[in-house]
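Asks:
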Amino acid sequence: MTKEELKTYLEQTFPQNKVEETFDFPLLYADKSELFIIAKKLKESPETLFDFLFCETAVDRTPNLEMVYHLNSTTHRHDMVLKVVLEDRENPEIHSVNELWKAAELYENEIYDMFGIRFTGHPNLRRIMLGDEWPGFPLRKDYKDDINIVTL
Amino acid sequence: MTLTIQFSDITKWIHETLNASMSPGWALFSEFVLAGVAMILLVVVLAVLFVYMERKVAGFMQLRLGPHRVGPWGTMQVFADVFKLLLKESFAPFTVDKFLFNFAPILVLAVAFMAMAPISFAPGLQLWDMNIGILYVTAVSSIGVIGILMAGWSSNNKYSLLGAMRSGAQIVSYELSAGLSLVAVIAMCGSLSISDIIASQADGWWIFKGHLPIMFAFVVYVIAGTAETNRAPFDLAEAESELTAGYHTEFSGMQFGMFYLTEYINMAVISMVATTVFLGGWLPFHIYGFDAFNNVMNFIPSWIWFFGKTFFIIFLMMWFRWTFPRLRIDQLLKLEWKYLLPLSIINVVIVAFLVVMGWHF
Amino acid sequence: MRALIQYIKDVAQGFYSLSQGLLLTLKYFVRPWKHIVEQYPENRTTTIYIPEKFAGEVVLPHDENNRHKCTACTLCEMACPNGTIKIISATIEGEDGKKKKVLDKWVYNLGMCTMCGQCVDACPQDAITMKNSFELSVYNRNDLIKVLNKPGSKLKEKES
Amino acid sequence: MGAASIIILLFCGVTFAVLAIGVGKFFGLSSMNPEKGQPYECGIETQGVTWVQFNVGYYLFSLVFLVFDVEIIFLYPWATVLKDLGMIAFVEILLFTLFLFMGLLYAYKKKALAWM
Amino acid sequence: MENLNTELPKEMTEEFVVNIGPQHPSTHGVLRLQATLDGETIKDLLPHLGYIHRGIEKMCESLGYKQFIYLTSRMDYLSAHINNQACSLAIEKGLQVEVPARAKAIRILMAELQRLTSHELWWGSCAMDLGAVTPFFLAFRDRERILEIFEENTGNRLTMNYITPGGVMTDINSDFVTRLKTLLVKIKEHLKEYETLITGNIIFQRRLKGVGVLPKELAISLGCTGPTARASGLSCDVRKYYPYDGYEKLDFKEIVADGCDSWSRYVVRMEEMRQSIHIIEQIIDNIPEGEYRAKLKGIVKLPVGEYYQRVETARGELGVYIVSDGGNKPYRLKLRAPNFSNLGALKPITVGSKIGDLMASMATIDLVIPDIDR
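In order, the protein sequences belong to chains A, B, C, D and E.
Following our numbering, the numbering of the first sequence begins with 566 at its first residue and continues without gaps.
Following our numbering, the numbering of the second sequence begins with 660 at its first residue and continues without gaps.
Following our numbering, the numbering of the third sequence begins with 24 at its first residue and continues without gaps.
Following our numbering, the numbering of the fourth sequence begins with 613 at its first residue and continues without gaps.
Following our numbering, the numbering of the fifth sequence begins with 243 at its first residue and continues without gaps.
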């Protein structure tokens, strides 16, 4: 499906969700509670078949945190973006998509490390890069570290 | 061989002068000391030459020049390395088994030395012409694996332990086909004594006599010898990309130097045995019928023949090392138990058949 | 029987493949004089080849009258991602009485430079370039901080 | 020189090794610290004990080796007198090797030689 | 005595944990793999990262658009040009800048040369991980020549910062074409040597065939890309599916093998080297004349929005995800590193195999650790 077709398809399939588009891909906003259901549907429905999670990351849109899932289909060769806005900044938590895409295991470890978003149902959630004793979550916009970050 | 000085004359002369100048007991003792010093010198000189040769061979094969800064053509590089090893600190981690850790390098070196006893370097230049010479060398050189196991186990290091276990399984396995390929020649000449084996090749080296089984045995022996000395492509025990340095990971300074030296002495022993058994020992190369050529060959001293052949086999081992990738441990054992050992057994049977039918010469 | 033939075939093929590799290494072994080896410290003054464009360090070229082209606009300082460049300017009174900003010190920290070339790219006057010098190591880290403009150097006015 | 040569060589080896290591210890610098005393494990503290009950796979090879090596030792004296004994020795050893071979096949079939 | 191995009670052998890395000859950097071993067999594998974590994503948030590109050369230092290209393309996409045709041709040339150097280094180090040292030197011989071309034309050897938004930093030298052509002839000859020395070698084949099997479904699920995924039969070449910089006009094959094992990964990379040479040969003779760089403003500002650009590096798909808030610095920059996803494949394909197989798998997946850690 082309970008426009996919966008209309998403609008029809998920009428209660907001559908936008970025420069490259159609963009679907999902609610935190129904993320896993939507993701599963996107992966398994024969029209979309998004079986390839090629990028998973988070963006700190102060005060919210935003989860971004870039999905690709290796059969249809179309892409889309799935976003979830997390409003709880202090204790953000979301269901892991590790069961759908195994790639998520490492990505989610990294996001947990850098943004402090906890993933329920993740098999081995750990601070993969910085180690457990590291204070704070570096990629958040309010992260301050005078010792380790060299400013110009 | 008429023009060159015989080593047996020299030894005889030494024996006579010593006996003339002192009491027989002291003369015997000084002879022992002389022999010991000579052996140490020989071993050290050989090791130095081998290390230098290895570096040059490796360098040339890898589009490099090898050592060429220290001394002319880098000849002093080895001595520089020895001094480096001497001046380095040899320490052990706190958790090692102290006795075994310190004993292992001494054991492997002593065993490597002992294997030299029956080897005949030139006519008359032999410590002990025992009647079971070949059996003795095979038996003694296999004690070395105990030293390696000791070193690996006592280090209290997981890499060392794995390396020791691997080399245990490996060296022990390849002992079999090495032994069997020697049996092939022994059946042909009917003696275990080194001097008899050399004498049986006076009319032609075993490998050139045209017996296919013997040629096969030679190939098997070189492969098995490479594996027994832990050389690449069979250097599983010290596979640096897998176990960092294998059984000698924790050794440093001169203790490591002993393992390093032992590797080369073991190589020397293996190639000396191969030289003696398959390549005619110190006998010159003769072509039947070409008397002029044969006389020229005779002119070359026998010790040069011996060491020349030894170096040729060493070169083969180095050539393998710098060409092939390493085998995996199960493939290594499969190669032995599935290919080399059955083939060697069949080979021995064929040789026995040839001998019994009298089809050998 | 077929298994036996396969077995022999395996062995033969194995030996053939190994011998090919051995021949290749032997080929290199017997002609060491053909190896291309740079004998570095010896050829430092003779055959060593450093390409013209090689980025070794940033320099501020001076002409024969000890003049450079830097106007102290600090565009390079802003373009540098690492804070390698510090431009210290001074204000002097020109001949016509106007106050004028001129370069006092062009401080360059070689230790922080990544040779990305952003400063050269950003300079509107083409005052700085990359030089293909090498062997820039020093014993003291402070020696890496260099002042690029020579003492007493002046701005080279544009010929208009 | 006779049997004494073995003693001499053993003595040589031990002396040389002890001397070299001794000289190395004497001349070499020596400084220990707790970090240096750790066994090398790629810069990470070793976890758990090293001396554990090890996998039996390696041990099996030694066992099979023992059987075969003893039999090869028997081949040595046989090989020396093969010429004199002639056909009888050959037939005997043919049977002997056959059993040996069967043993190898058995070990192979029982996967004693399949690496773990 | 039916089966010696399975009849043993479980308690007979104890497993132990070995750390492979961070200071290990075959991890090519500072990756730490915590392996649980039973004898030689790997029972579990846990990668620990972060030994070379520099926070490139955080650093980029404080640098201007033109400035942060030099940092990306330091991620996958063996695909420095391609990393720069990815960032440049993302920024150009946001700015809607048309890149001159000459710059596009130069970019492809440099990217394919970079792929060649990377695969050559991989070939050498792969053989070295399997115990053969000589190939490493043979591979470096050719790599050195290509690096010399980089040095002559871009000024640097490893981390070039040559491809920049709008084009390339400097024009190529006048003798670039002739030098490259003579070099390509040599490299083709040397590729044959590689085949005889290592590819045909029976030990090498036995070490790789059937080792580290990564089925296609698993490769998709793990998000593997590049030669690692293509060896598992997953067609995923970004140059084919999402062409950039004029790859759509070129004739080249996407190498896909379906052996799924280490040997397939080896074969795919060897073939990719030939394809890279093929691509270079197509453009080398007709590099368009003209500008090498489109003029950009001194301070670049991207319009508000999100831009995702992917390119095919030597190891897989590199994604650059820029979130812009309209300022002169990226609000958030995510670099989807190919090695990070490929690392995930290491555990499933090595558990149950020997230590030697772990090295073979790791060598053929070809991990570059700075790219994983960023």
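Backbone N, C-alpha and C fix where the C-beta goes; we use that ideal spot for every residue, glycine too.
Only a predicted model underlies this, so the values are computations on that prediction, with no experimental measurement involved.
Using the beta-carbon count (16 or more within 10 Å), is B/L662 buried or exposed?
Replies: Low confidence applies here, because B/L662 scores a pLDDT of 45, under 50, leaving its location unreliable; read the following figure in that light. The residue is exposed, with fewer than 16 neighbouring Cβ atoms inside 10 Å.
Asks: What distance in whole Å lies between the Cβ atoms of B/L768 and B/T921, which are believed to be in contact at a cut-off of 8 Å?
Replies: Yes, B/T921 and B/L768 are in contact; Cβ-Cβ is about 5 Å, under 8 Å.
Asks: Can you name the residues that DSSP bridges to A/T685?
Replies: A/T685 is bridged to A/H660.
Asks: Going along the region 614-639 of chain D in order, which residues come within less than 7 Å of chain B, judged by CB to CB distance?
Replies: Residues G614, A615, A616, S617, I618, I620, L621, L622, F623, C624, G625, V626, F628, A629, V630, A632, I633, V635, G636, K637 and F639.
Asks: Where does E/R344 sit, in a helix, a strand or coil, going by DSSP?
Replies: E/R344: helix per DSSP, three-state reduction.
Asks: Is DSSP giving C/C136 helix, strand or coil here?
Replies: It is coil, neither helix nor strand.
Asks: Counting only Cβ pairs nearer than 8 Å, list the residues of chain C close to B/Y998.
Replies: Result: V34.
Asks: Can you give me the start and stop residues for the beta strand (DSSP E) that E/Y508 sits inside?
Replies: E/Y508 -> not in any beta strand (DSSP E); alpha helix (DSSP H) instead, spanning S504 to I526.
Asks: Grab the span of the alpha helix (DSSP H) containing B/C848 for me, first residue to last.
Replies: B/C848 -> alpha helix (DSSP H) spans K817 to C848.
Asks: Quick check: the Cα distance between B/I791 and B/A798, rounded to an integer number of angstroms?
Replies: Cα to Cα, B/I791 sits roughly 10 Å from B/A798.
Asks: So, E/S268 versus E/R557, is the Cβ gap smaller than 9 Å?
Replies: In this structure, E/R557 does not lie closer than 9 Å to E/S268 by Cβ.
Asks: Can you say whether C/K121 is buried or exposed, counting buried as having 16 or more other CB atoms within 10 angstroms of its CB?
Replies: With fewer than 16 other Cβ atoms within 10 Å, it is exposed.
Asks: Note down, in chain order, every chain B residue with its Cβ under 7 Å from the Cβ of D/I656.
Replies: What D/I656 touches in chain B: nothing, since even the nearest Cβ is about 11 Å away.
Asks: Rounding to the nearest angstrom, what Cα-Cα distance links A/Q581 and E/G409 in this structure?
Replies: Their Cα atoms are separated by approximately 44 Å.
Asks: Against chain E, does A/P657 count as a neighbour if the rule is that its beta carbon must be under 9 Å from one of theirs?
Replies: By this cut-off, A/P657 is not an interface position.
Asks: Any beta carbon of chain D sitting closer than 9 Å to that of B/I973?
Replies: Closer than 9 Å: no.
Asks: Is there at least one Cβ from chain B nearer than 9 Å to D/Q665's Cβ?
Replies: No, its Cβ sits nowhere closer than 9 Å to a Cβ of chain B.
Asks: Would you say the region 569-585 of chain E touches the region 713-724 of chain D, given that touching needs at least three Cβ pairs under 8 Å?
Replies: Verdict: no, contact absent.
Asks: Mind pulling the chain F residues with CB within less than 8 Å of B/L722?
Replies: No chain F appears in this structure, whose protein chains are A, B, C, D and E.
Asks: As an exercise, report each continuous beta strand (DSSP E) stretch of at least 3 residues that is fully enclosed by the region 527-559 of chain E, in chain order.
Replies: As far as the region 527-559 of chain E is concerned, its whole beta strand (DSSP E) runs of at least 3 residues are 547-555.
Asks: With distances taken Cα to Cα, identify the nearest neighbour of A/E631 among A/L671, A/M679, A/G686 and A/K648.
Replies: It is A/K648.
Asks: Examine the Cβ distances between the region 671-684 of chain A and the region 589-602 of chain A and report whether three or more of them are shorter than 8 Å.
Replies: The answer is no - the region 589-602 of chain A does not touch the region 671-684 of chain A, with fewer than three Cβ pairs under 8 Å.
Asks: Could you run through the region 437-459 of chain E and flag, in chain order, every residue whose CB is less than 7 Å away from some CB of chain C?
Replies: So the list reads T438, L439, G442, N443 and I444, given in the order they occur along the chain.
Asks: With distances taken Cα to Cα, identify the nearest neighbour of A/T685 among A/E612, A/F702 and A/E658.
Replies: Minimum Cα distance to A/T685 is reached at A/E658.
Asks: Which two residues bound the contiguous alpha helix (DSSP H) that contains C/M24?
Replies: Neither: C/M24 is in no alpha helix (DSSP H) and is coded neither H nor E.
Asks: Output needed in chain order: residues of the region 725-746 of chain B with a Cβ under 8 Å from some Cβ in chain C.
Replies: Within the region 725-746 of chain B, no residue has a Cβ that lies closer than 8 Å to any Cβ of chain C.
Asks: Does any residue of chain E bring its CB to less than 9 Å from the CB of B/Q990?
Replies: Yes, B/Q990 lies at the interface with chain E (some Cβ there is under 9 Å from its Cβ).
Asks: What are the boundary residues of the beta strand (DSSP E) that A/E585 is part of?
Replies: Unbroken beta strand (DSSP E) run through A/E585: V584 to E586.
Asks: Please compile the residues from chain E whose C-beta is within a distance smaller than 9 Å of the C-beta of D/E647.
Replies: Per Cβ cutoff of 9 Å: no residues; D/E647 is ~13 Å from chain E at best.
Asks: Would you check if there are 3 or more beta carbon pairs closer than 8 Å linking the region 356-373 of chain E to the region 282-297 of chain E?
Replies: The region 356-373 of chain E is not in contact with the region 282-297 of chain E.
Asks: Can you list, in chain order, the residues of its chain with a C-beta nearer than 8 Å to that of E/V419? Leave out the 5 residues immediately preceding and following it.
Replies: Contacts found: I526, D527 and I529.
Asks: Helix, strand or coil for C/G117 per DSSP?
Replies: Here C/G117 sits in coil by DSSP.
Asks: Using a cut-off of 8 Å between C-beta atoms, extract the partners of B/D749 located in chain D.
Replies: The sequence given here places Ser at residue 749 of chain B; Asp does not occur at that position. Under the 8 Å cutoff, chain D gives I633, G636, K637 and G640.
Asks: Leaving out five residues before and five after A/E670 in sequence, what residues of the same chain have Cβ atoms less than 6 Å from its Cβ?
Replies: Cβ within range, chain order: N663.
Asks: Leaving out five residues on either side along the sequence, give the residues of the same chain with a beta carbon under 6 Å from the beta carbon of E/K543.
Replies: So the qualifying residues of the chain are N570.
Asks: For the beta strand (DSSP E) containing A/M694, list its first residue and its last residue.
Replies: No beta strand (DSSP E) contains A/M694, which DSSP labels as neither H nor E.
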